[in-house]
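Peer 1: In the working numbering, the protein residues as written are 27 to 363. Would you mind keeping the following structure in view while I ask a few things?
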């Protein structure tokens with residue numbers, strides 16, 4: 027793909043600006059355009075693009091080779107559909123949408139163009155994630171008994187220079203809350219271990235953050251073969267945490283995503299470090315994701331995370347939300363788009 031071509035980023039938030047920088051890093055002659063998700067006027071200095079468009083129609087007229095939708099989740103599907111109708115491949119920031127209902131409004135277009143859509147669950151591109159998947163495929167632990175996932179960070183610390191209460195993560199109307207915002211964990215859980223059948227969840231708002239979304243969630247997922255996963259997410263932890271512990275018949279694997287490391291704990295050998303790259307630059311996974319998406323856009327590769335996988339994650343989110351409301355175990359298969 028020629029670097030002299032036009033690229034489009036929809037949105038002006040931190041992830042949109044990251045994508046603009048990364049496009050220019052990978053394609054030094056690229057002409058990167060940006061359009062606001064809400065229609066407000068942008069300035070070049072604000073987003074770092076080569077050109078800002080005043081409307082979606084103007085952006086489409088530039089005929090970009092590909093587009094990245096980095097707007098709030100409620101806009102993802104409608105904006106992606108407009109791009110796809112114009113023949114433009116799309117990388118959609120996670121989650122795919124804020125709800126199955128929102129997705130259904132443009133489902134026909136999305137399904138018809140599924141091979142041109144990538145959903146940005148970028149944790150899959152971490153070297154430690156790839157190594158962990160290989161270990162599991164080799165059955166390093168034998169039979170797996172259960173999985174324990176913990177992710178959390180104090181929301182005001184995410185972007186200290188901004189008022190966190192105005193950020194997407196904190197606003198229900200923009201698709202905020204831990205279940206959607208931290209759905210990376212739901213994606214990799216299924217990617218590594220396969221689908222689950224049922225969930226029980228308690229999601230709540232502590233009142234500590236002055237937001238209108240759930241700021242913590244505790245969930246148990248299970249399936250017929252006996253595998254159980256427990257999941258904890260929050261916006262409250264002062265000490266950031268992002269770990270996945272896998273307990274099997276021959277030992278325990280601990281994946282520390284913040285340290286980009288994997289350790290194996292066995293009765294015979296104690297702790298053994300299987301992978302560690304603490305100097306890893308986390309932007310590399312975004313660059314790897316973008317590099318791969320370029321090949322999806324040109325038809326060389328199939329999407330790493332297609333809409334069907336992303337829909338399964340969205341179904342899981344909705345099952346968790348319903349369980350939290352009803353305080354009952356919910357079958358994930360009852361949700362369809």
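Note that beta-carbon positions come from the ideal geometry of N, C-alpha and C, so glycine has one too. Only a predicted model underlies this, so the values are computations on that prediction, with no experimental measurement involved.
1. Compute the minimum distance between the beta carbon of residue 157 and the heavy atoms of the ligand MN, and state whether it is under 8 angstroms.
2. Which class does residue 97 belong to by DSSP, given the choice of helix, strand or coil?
3. Please confirm whether residue 253 and residue 301 have their CB atoms less than 9 angstroms apart.
4. Would you tell me roughly how many angstroms separate the C-alpha atoms of residue 37 and residue 170, rounded to the nearest one?
5. So for residue 151, helix, strand or coil by DSSP?
6. May I ask which residues mark the beginning and end of the alpha helix (DSSP H) holding residue 49?
7. Would you tell me roughly how many angstroms separate the C-alpha atoms of residue 277 and residue 271, rounded to the nearest one?
8. Are the beta-carbon atoms belonging to residue 119 and residue 46 less than 9 angstroms from one another?
9. Counting only the same chain and skipping the five closest in sequence on each side, list residues whose C-beta sits under 7 angstroms from that of residue 298.
10. Measuring alpha carbon to alpha carbon, tell me which of 308, 256, 203 and 251 ends up nearest residue 226.
11. So for residue 55, helix, strand or coil by DSSP?
12. On the criterion of 16 or more Cβ atoms from any shown chain inside 10 Å, does residue 339 qualify as buried, or is it exposed?
13. What does the Cβ neighbour count give for residue 102, buried or exposed, with the cut at 16 atoms within 10 Å?
14. My output table needs one value for residue 304: the three-state DSSP class, helix, strand or coil.
15. Quick check: what's the CA-CA separation for residue 281 versus residue 198?
16. How far does the alpha helix (DSSP H) with residue 343 in it extend, from its first residue to its last?
17. How far does the beta strand (DSSP E) with residue 281 in it reach, from first residue to last?
18. Return the chain-ordered list of same chain residues with a C-beta closer than 6 angstroms to the C-beta of residue 62, the five sequence neighbours on each side being excluded.
19. Comparing alpha-carbon positions, which option in 215, 305, 78 and 137 lies nearest residue 284?
20. Pull up the CB-CB distance for residue 313 and residue 48, whole angstroms please, since I reckon it's below 8 angstroms.
21. Contact defined as beta carbons within less than 8 angstroms: I believe residue 104 pairs with residue 131. What is the distance between those atoms, to the nearest angstrom?
22. Residue 335 to residue 154, Cα distance in whole Å?
23. Check whether the Cβ atoms of residue 206 and residue 99 lie closer than 9 angstroms to each other.
24. What are the residues that DSSP puts in a beta bridge with residue 243?
25. Which residue or residues does DSSP assign as beta-bridge partners of residue 32?
26. Quick one: what does DSSP say residue 27 is sitting in, helix, strand or coil?
27. Just reading off the alpha helix (DSSP H) that residue 321 is part of, what are its end residues?
28. Please tell me whether residue 57 and residue 79 are closer than 9 angstroms, where the distance is taken between their beta carbons.
29. Shortest alpha-carbon distance to residue 237 belongs to which of 202, 343, 160 and 322?
Peer 2: Per the coordinate set shown:
1. The ligand MN is not among the ligands present in this structure, which contains no ligands whatsoever.
2. The count along the chain shown starts at 1 and reaches residue 97 at position 71. It is coil, neither helix nor strand.
3. Walking along the chain shown from the start, residue 253 turns up at place 227. Walking along the chain shown from the start, residue 301 turns up at place 275. Not closer than 9 angstroms, so no.
4. Counting from one through the chain shown, the residue named residue 37 turns up at place 11. Counting from one through the chain shown, the residue named residue 170 turns up at place 144. Approximately 41 angstroms, taken between the alpha carbons.
5. Indexing the chain shown from 1 puts residue 151 at position 125. Helix at residue 151.
6. Along the chain shown, one-based indexing puts residue 49 at 23. Unbroken alpha helix (DSSP H) run through residue 49: 40 to 52.
7. What you label residue 277 is simply residue 251 of the chain shown in a count that begins at 1. What you label residue 271 is simply residue 245 of the chain shown in a count that begins at 1. Straight-line Cα distance between these residues: approximately 11 angstroms.
8. Stepping through the chain shown from its first residue, residue 119 is reached at position 93. Stepping through the chain shown from its first residue, residue 46 is reached at position 20. Cβ distance not < 9 angstroms, so residue 119 and residue 46 don't count as in contact.
9. One-based indexing of the chain shown puts residue 298 at position 272. The answer, listed in chain order, is 289 and 290.
10. Taking the chain shown and counting its residues from 1, one reaches residue 226 at position 200. For the residues 308, 256, 203 and 251, the minimum Cα distance to residue 226 belongs to 256.
11. Here residue 55 refers to the residue found at position 29 when the chain shown is read from its first residue. Looking at residue 55 - three-state DSSP - the assignment turns out to be coil, as it is neither helix nor strand.
12. Counting from one through the chain shown, the residue named residue 339 turns up at place 313. Residue 339 is buried by the Cβ-count criterion.
13. Within the chain shown, numbered from 1, the residue matching residue 102 stands at position 76. Label assigned to residue 102: buried.
14. Residue numbering aside, residue 304 sits at position 278 when the chain shown is read from its first letter. Here residue 304 sits in coil by DSSP.
15. Counting from 1 along the chain shown, the entry for residue 281 is found at position 255. Counting from 1 along the chain shown, the entry for residue 198 is found at position 172. Taking the CA atoms as reference points, residue 281 sits about 31 angstroms from residue 198.
16. Counted from its first residue, the chain shown places residue 343 at position 317. First-last of the alpha helix (DSSP H) with residue 343: 333 to 352.
17. Position 255 of the chain shown holds residue 281. Taken as a continuous stretch (DSSP letters only), the beta strand (DSSP E) holding residue 281 covers 277 to 282.
18. Here the question's residue 62 lines up with position 36 in the chain shown. Answer for residue 62: 38 and 68, listed in chain order.
19. In the chain shown, the residue the question calls residue 284 occupies position 258. Among 215, 305, 78 and 137, the Cα nearest to that of residue 284 belongs to 305.
20. Along the chain shown, one-based indexing puts residue 313 at 287. Along the chain shown, one-based indexing puts residue 48 at 22. Between residue 48 and residue 313 the Cβ distance is about 6 angstroms, and since that is below 8 angstroms, they are a contact.
21. On the chain shown, residue 104 is found 78 positions in, with the first residue counted as 1. On the chain shown, residue 131 is found 105 positions in, with the first residue counted as 1. Between residue 131 and residue 104 the Cβ distance is about 7 angstroms, and since that is below 8 angstroms, they are a contact.
22. Taking the first residue of the chain shown as position 1, residue 335 is located at position 309. Taking the first residue of the chain shown as position 1, residue 154 is located at position 128. Roughly 21 angstroms separates the two Cα atoms.
23. Residue 206 sits at position 180 when you count from the first residue of the chain shown. Residue 99 sits at position 73 when you count from the first residue of the chain shown. Taking 9 angstroms as the Cβ cut-off, residue 206 and residue 99 qualify as a contacting pair.
24. In the chain shown, counting from the first residue as 1, residue 243 sits at position 217. Residue 243 is bridged to 229 and 259.
25. The count along the chain shown starts at 1 and reaches residue 32 at position 6. Beta-bridge pairing links residue 32 to 57.
26. By one-based count along the chain shown, residue 27 stands at place 1. Caution is warranted here: a pLDDT of 42 is assigned to residue 27, below 50, making its placement in the model unreliable, and the coordinate value is therefore given only provisionally. Three-state result, residue 27: coil.
27. By one-based count along the chain shown, residue 321 stands at place 295. From DSSP, the alpha helix (DSSP H) with residue 321 extends over 309 to 323.
28. What you label residue 57 is simply residue 31 of the chain shown in a count that begins at 1. What you label residue 79 is simply residue 53 of the chain shown in a count that begins at 1. No, the Cβ-Cβ distance between residue 57 and residue 79 is not below 9 angstroms.
29. Counting from 1 along the chain shown, the entry for residue 237 is found at position 211. With distances taken between Cα atoms, residue 237 lies closest to 202.
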